[in-house]
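*Asks:*
Numbering (my numbering), first residue to last: 288 to 502.
#1: Keeping to the same chain, check which residues put their C-beta closer than 6 angstroms to that of residue 415; ignore five residues upstream and five downstream.
#2: Quick one, are the C-beta atoms of residue 320 and residue 313 less than 8 angstroms apart?
#3: Based on DSSP bridge pairs, tell me the residues matched to residue 390.
#4: On the criterion of 16 or more Cβ atoms from any shown chain inside 10 Å, does residue 480 qualify as buried, or is it exposed?
#5: Just mark residue 433 as buried or exposed, buried being the case when its beta carbon has 16 or more other beta carbons within 10 Å.
#6: Check the C-beta distance from residue 391 over to residue 498 and give it rounded, since I have them as a contact under 8 angstroms.
#7: If we count Cβ pairs, one from each stretch, closer than 8 angstroms, do we get three or more for the segment 450-462 versus the segment 375-395?
#8: How close, in whole Å, do the beta carbons of residue 356 and residue 404 come, if the pair is a contact with beta carbons under 8 angstroms?
#9: Residue 486 and residue 466: beta carbons closer than 8 angstroms?
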């Protein structure tokens, strides 16, 4: 993003490997320097808990990243409710809102909904669905989520939380940055060591279950 001192380097064509790799660099007076731990710069440092914020564990190529999803849900006062996103797919957010209305009974019809991925990134990984949904619910209820919670999981149309790939790498990244709980799909639990970890793993299978555990 041109408004930040950080620069993202990604390949458009690679004859010898994947184009899904990502490098993050910081611009200094004497040139670009590699950012060794991008997750730390992508999460806002704040003194107090704020509603509408949830941390997602995503993958950019082979690199695990923790990113901050920010949601704002407010009463529409100018007629047609607005749906605005930055760094996320608008149709995907509309799908998640429909799931929350159908499966959870929440009313977003007359609400303005804004969603932002902090740091200027654009994320296409469906594994951040659970974090986006949690941020939306947090803003809807105007209740902050604990800052040491992390989320990973794809959300289906029936409200199920689906398993995602490379779950061990995502958990390890959250554990490395000192997070205490990570919410993920029950269907990701096969083969996972749930006990010998510094981070608590919370398994969920439905969005309704996630809501009950958070609020």
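Yeah, the Cβ is synthetic: ideal placement off N, Cα and C, and Gly gets one too. Since this is a predicted model, take the numbers as computed values, not measurements.
*Replies:* Well, looking at it:
#1: 343 and 345
#2: Closer than 8 angstroms, so yes.
#3: Beta-bridge pairing links residue 390 to no other residue.
#4: Under a 10 Å Cβ-count criterion, residue 480 is classified as exposed, with fewer than 16 other Cβ atoms of the shown protein chains found around its own Cβ.
#5: exposed
#6: Confirmed, about 6 angstroms.
#7: Counting Cβ pairs under 8 angstroms, fewer than three are found: no touch.
#8: That pair is a contact at about 6 angstroms.
#9: The Cβ atoms of residue 486 and residue 466 sit closer than 8 angstroms to each other.
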